[in-house]
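Each remark here refers to the structure printed beneath this line.
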Amino acid sequence: MTDSKRPSLEARTLTYNLGDGWQAIVGRTDADNEIVTFRLARGNDLWLHVRGVPGSHVIVPVRGKEEPGREVVRRAAAIAAWHSKAQKAGQVTVSVTRAKFVRKPQGAKRGTVSIRKEKTVRVRPGLPERS
744 MTDSKRPSLE ARTLTYNLGD GWQAIVGRTD ADNEIVTFRL ARGNDLWLHV RGVPGSHVIV
804 PVRGKEEPGR EVVRRAAAIA AWHSKAQKAG QVTVSVTRAK FVRKPQGAKR GTVSIRKEKT
864 VRVRPGLPER S
């Protein structure tokens, strides 16, 4: 496939408005998850994924030294839960860490990662307004 026929990164991700000027960027497929996690994310960006369930990788780009508030993180976690196999579940546990703590294990299939220094948040799957 030539570069002119290759979809752009924007076309392969979803972007949601989290309020207060924050956004969540979501991969749609395993290949997109790798792009989101390893090409788009910077080290201190927040990275989210439903714990123990296949689903999308979600990043919240951090603005300099400013950190997203608790409610912004909860909204991003709800998006991660929505874009997972746990979409119809009640409460879902979502892992939250910095992108710099996400690694691809050697020989792992596309979209598979290991993470360190995670915190978790329990949320109901849901979507805010798309931007």
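Using our numbering, the first residue of the sequence shown is number 744, and each one after it goes up by one. Yeah, the Cβ is synthetic: ideal placement off N, Cα and C, and Gly gets one too.
- Where does threonine 780 land, buried or exposed, given buried means 16+ other C-beta within 10 angstroms? buried
- Item | Proximity winner among Ser857, Leu791, Asp763, relative to glutamate 809 (alpha-carbon distances) | Asp763
- Message: With a threshold of 8 Å, are at least 3 pairs of Cβ atoms found where one atom belongs to the region 767 to 783 and the other to the region 827 to 837?
- Response: no
- Query: According to the Cβ coordinates, are alanine 823 and serine 799 closer than 8 Å?
  - Reply: yes
- Message: According to DSSP, is arginine 782 part of a helix, a strand, or is it coil?
- Response: helix
- Terminal residues of the continuous alpha helix (DSSP H) containing alanine 823? 813 to 825
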